[in-house]
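Peer 1: Just dropping this structure here.
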Amino acid sequence: MRELSLNVLDIAQNSIAAGATLITIRVTEESAADRLSITVEDNGRGMSPEQLQKVRDPFYTTRTTRKVGMGIPLFRMAAEMTGGSLDIRSELGQGTTVMAVFTLSHIDRMPLGDIQGTVTALIRLNPQLDFRYIQTVDGASFELDTRKLREILGDVPLNQPDVMEWIGGYLRENLEPLRSQA
Amino acid sequence: MKTIAELQAIRDKAREKMAVREGDSDNIRVIVGMATCGIAAGARPVLNAFVDEVAKRHLNNVTVTQTGCIGMCQFEPIVEVLVPGKEKVTYGKVTPEKVAKIITDHLVNGSPVAEYTVGNLMK
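Residue numbers (the working numbering), protein chains in the order written: chain R, 626 to 807; chain Z, 18 to 140.
Written out as structure tokens, the structure is:
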């Protein structure tokens, strides 16, 4: 992975596989604390304490086509390389939250990259699910909530081409003024 | 600026179009591998290129969806194209640059791009 936004896309796939109906992605940048934190929170089926232990192991996966699951280990490595950490909280029937913390100015911190591309890809591929994307840069923040868009759209799906184009533009226009360093 | 009022106008226009296209029996499916291997290999820009191009050409009978890892990680980004009544075609090492040709030749004109297929990559 060359961008943290690709890790986010990958981690969100786990939430989708876990049957989540709402996935919340938060990217929070604090220059004073020299910290970047990224969380992916879902309301999927969650994991038992035993499963949660195994998720840290690259040789654990729920998948049947291969015997390795690199998503979480790669995201953890990206965080630890910068002196940060990764933490997972999960409860059966409640959902899972993956939290990664990075040292913002660390030379080995990968760029956040095209987070807008990640958010639009997720919405496009999963128009039946709801996503919240919240980006905060030194206290200034922007939030996109597909549940709010759905209220306006009614029976028109989120992945309708003109709607997706609007969402892409809306994200771009609102994220730019935040002047993210990530 | 993208405003909420604009979104409402899009909704009203989309509703008119939706009434026209009922019955999706001739639906073509484009399936992009979006597991860790696919994403790391560049599936995101490929997916977005497909969706943009399909929208630009108003191909209302094409649905772009995702799948997980199908066990051929070395050929990612992998894209499968399912045309009703035809055999599934699996493309490997797809880049955004290859998307336009796949759409023109295969999705629009019905002839798969042999040189981009996984079968050809394995030779």
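Cβ coordinates follow ideal geometry from the N, Cα and C atoms, glycine included.
These figures come from a predicted structure and were not determined experimentally.
Under the three-state reduction of DSSP, which class applies to Glu-104/Z: helix, strand or coil?
Peer 2: Here residue 104/Z refers to the residue found at position 87 of the second sequence. In this structure, Glu-104/Z counts as coil in the three-state DSSP scheme.
Peer 1: Mapping DSSP to helix, strand and coil, what is Ile-87/Z?
Peer 2: For the purposes of this step, residue 87/Z is identified with residue 70 of the second sequence, where counting begins at 1. It is coil, neither helix nor strand.
Peer 1: Considering only DSSP beta bridges, list what Val-49/Z is partnered with.
Peer 2: Here the question's residue 49/Z lines up with position 32 in the second sequence. Val-49/Z is bridged to Gln-83/Z and Val-96/Z.
Peer 1: Tell me the residue span of the alpha helix (DSSP H) that contains Tyr-795/R.
Peer 2: Taking the first residue of the first sequence as position 1, residue 795/R is located at position 170. Taken as a continuous stretch (DSSP letters only), the alpha helix (DSSP H) holding Tyr-795/R covers 786-800.
Peer 1: List, in order along the chain, the chain Z residues whose C-beta lies closer than 7 Å to that of Asp-635/R?
Peer 2: Residue numbering aside, residue 635/R sits at position 10 when the first sequence is read from its first letter. Neighbours of Asp-635/R on chain Z, chain order: Thr-53 and Ile-56.
Peer 1: For Asp-787/R and Asn-137/Z, what's the separation of their Cα atoms in angstroms?
Peer 2: As a working mapping, residue 787/R is identified with position 162 in the first sequence. As a working mapping, residue 137/Z is identified with position 120 in the second sequence. Answer to the nearest angstrom: the Cα atoms are 36 Å apart.
Peer 1: Using a cut-off of 7 Å between C-beta atoms, extract the partners of Tyr-795/R located in chain Z.
Peer 2: The residue labelled residue 795/R in the question sits at position 170 within the first sequence. Lys-19, listed in chain order.
Peer 1: Based on Cα-Cα distance, which residue from Gln-719/R, Met-706/R and Ile-697/R lies nearest to Gly-644/R?
Peer 2: Within the first sequence, numbered from 1, the residue matching residue 644/R stands at position 19. Measuring from the Cα of Gly-644/R, the nearest candidate turns out to be Gln-719/R.
Peer 1: Please report whether the beta-carbon of Glu-798/R lies at a distance below 9 Å from any beta-carbon of chain Z.
Peer 2: Here residue 798/R corresponds to residue number 173 of the first sequence, with the count starting at 1. Answer yes: the Cβ-Cβ gap between Glu-798/R and chain Z drops below 9 Å somewhere.
Peer 1: Can you say whether Arg-797/R is buried or exposed, counting buried as having 16 or more other CB atoms within 10 angstroms of its CB?
Peer 2: Locating residue 797/R in the first sequence gives position 172, counting from the first residue. Flag for Arg-797/R reads exposed.
Peer 1: Rounding to the nearest angstrom, what Cα-Cα distance links Asp-712/R and Arg-775/R in this structure?
Peer 2: Position 87 of the first sequence, counting from 1, holds the residue named residue 712/R. Position 150 of the first sequence, counting from 1, holds the residue named residue 775/R. About 32 Å.
Peer 1: With C-beta atoms as the reference, is Val-81/Z less than 9 Å away from Leu-64/Z?
Peer 2: Within the second sequence, the letter at position 64 stands for residue 81/Z. Within the second sequence, the letter at position 47 stands for residue 64/Z. Closer than 9 Å, so yes.
Peer 1: Starting from Ile-27/Z, find everything on chain R with Cβ-Cβ shorter than 7 Å and list it in chain order.
Peer 2: Walking along the second sequence from the start, residue 27/Z turns up at place 10. Ordered by position in chain R, the residues that pass the 7 Å Cβ test against Ile-27/Z are Asp-787, Val-788 and Trp-791.
Peer 1: Does any residue of chain R bring its CB to less than 9 Å from the CB of Thr-107/Z?
Peer 2: Mapped onto the second sequence, residue 107/Z falls at position 90. By this cut-off, Thr-107/Z is not an interface position.
Peer 1: Considering only DSSP beta bridges, list what Ile-648/R is partnered with.
Peer 2: Within the first sequence, residue 648/R is the residue found at index 23, counting from 1. In DSSP, Ile-648/R forms a bridge with Asp-667/R and Phe-756/R.
Peer 1: Between which two residues does the alpha helix (DSSP H) carrying Val-68/Z extend?
Peer 2: Residue 68/Z sits at position 51 when you count from the first residue of the second sequence. Looking at the DSSP string, the run of the alpha helix (DSSP H) that includes Val-68/Z is 60-73.
Peer 1: Pick from Gly-708/R, Glu-801/R, Met-695/R and Arg-670/R: whose alpha carbon is nearest that of Asp-682/R?
Peer 2: Start at 1 with the first residue of the first sequence, and residue 682/R comes out as number 57. Among Gly-708/R, Glu-801/R, Met-695/R and Arg-670/R, the Cα nearest to that of Asp-682/R is on Met-695/R.
Peer 1: For the alpha helix (DSSP H) that contains Met-702/R, what are its first and last residues?
Peer 2: Here residue 702/R is taken as the residue at index 77 of the first sequence, counted from 1. First-last of the alpha helix (DSSP H) with Met-702/R: 696-705.
Peer 1: For Val-100/Z versus Thr-134/Z, is the C-beta spacing smaller than 9 Å?
Peer 2: Indexing the second sequence from 1 puts residue 100/Z at position 83. Indexing the second sequence from 1 puts residue 134/Z at position 117. Cβ atoms of Val-100/Z and Thr-134/Z: not closer than 9 Å.
Peer 1: Determine, for Gly-85/Z, whether the minimum Cβ-Cβ distance to residues of chain R falls below 9 Å.
Peer 2: For this step, residue 85/Z is matched to residue 68 along the second sequence. Yes - at least one Cβ of chain R is within 9 Å of the one on Gly-85/Z.
Peer 1: Thinking just about the alpha-carbon of each residue, which of Gln-753/R, Ser-662/R, Val-633/R and Glu-790/R is nearest to the one in Leu-699/R?
Peer 2: Locating residue 699/R in the first sequence gives position 74, where the first residue counts as 1. Comparing Cα-Cα distances from Leu-699/R to each of Gln-753/R, Ser-662/R, Val-633/R and Glu-790/R, the minimum goes to Val-633/R.
Peer 1: Listed from N- to C-terminal order along the chain, which residues in the segment 112-127 of chain Z have their beta-carbon within a distance smaller than 7 Å of any beta-carbon of chain R?
Peer 2: Correct list: empty, as no residue qualifies.
Peer 1: Could you check where the alpha helix (DSSP H) with Gly-136/Z kicks off and where it finishes?
Peer 2: Position 119 of the second sequence, counted from the first residue, corresponds to residue 136/Z. Segment 135-138, the alpha helix (DSSP H) holding Gly-136/Z.
Peer 1: Anything in chain R within Cβ reach of Lys-30/Z, meaning under 8 Å, just list it in chain order.
Peer 2: On the second sequence, position 13 is the one that residue 30/Z refers to. Ordered by position in chain R, the residues that pass the 8 Å Cβ test against Lys-30/Z are Asp-787.
Peer 1: For the segment 746-768 of chain R, which residues have a CB atom closer than 9 Å to at least one CB atom of chain Z, in sequence order?
Peer 2: Listed by position along the chain: Ala-746, Arg-749, Leu-750 and Asn-751.
Peer 1: Alpha carbon to alpha carbon, what distance is there between Thr-53/Z and Ala-657/R?
Peer 2: To locate residue 657/R, count along the first sequence from 1; it is residue 32. To locate residue 53/Z, count along the second sequence from 1; it is residue 36. Going by the C-alpha atoms only, they are around 33 Å apart.
Peer 1: In whole angstroms, what is the alpha-carbon distance linking Pro-129/Z and Tyr-758/R?
Peer 2: Translated into the one-based positions of the second sequence, residue 129/Z becomes position 112. Translated into the one-based positions of the first sequence, residue 758/R becomes position 133. Distance between the alpha carbons of Pro-129/Z and Tyr-758/R: 38 Å.
Peer 1: Evaluate the contact criterion for the segment 56-70 of chain Z versus the segment 89-97 of chain Z: three or more CB pairs, one atom per stretch, below 8 Å.
Peer 2: Yes, the segment 56-70 of chain Z touches the segment 89-97 of chain Z.
Peer 1: Can you tell me where the beta strand (DSSP E) with Ile-713/R in it begins and where it stops?
Peer 2: Counted from its first residue, the first sequence places residue 713/R at position 88. It spans 710-716 - the beta strand (DSSP E) in which Ile-713/R sits, taken as one unbroken run.
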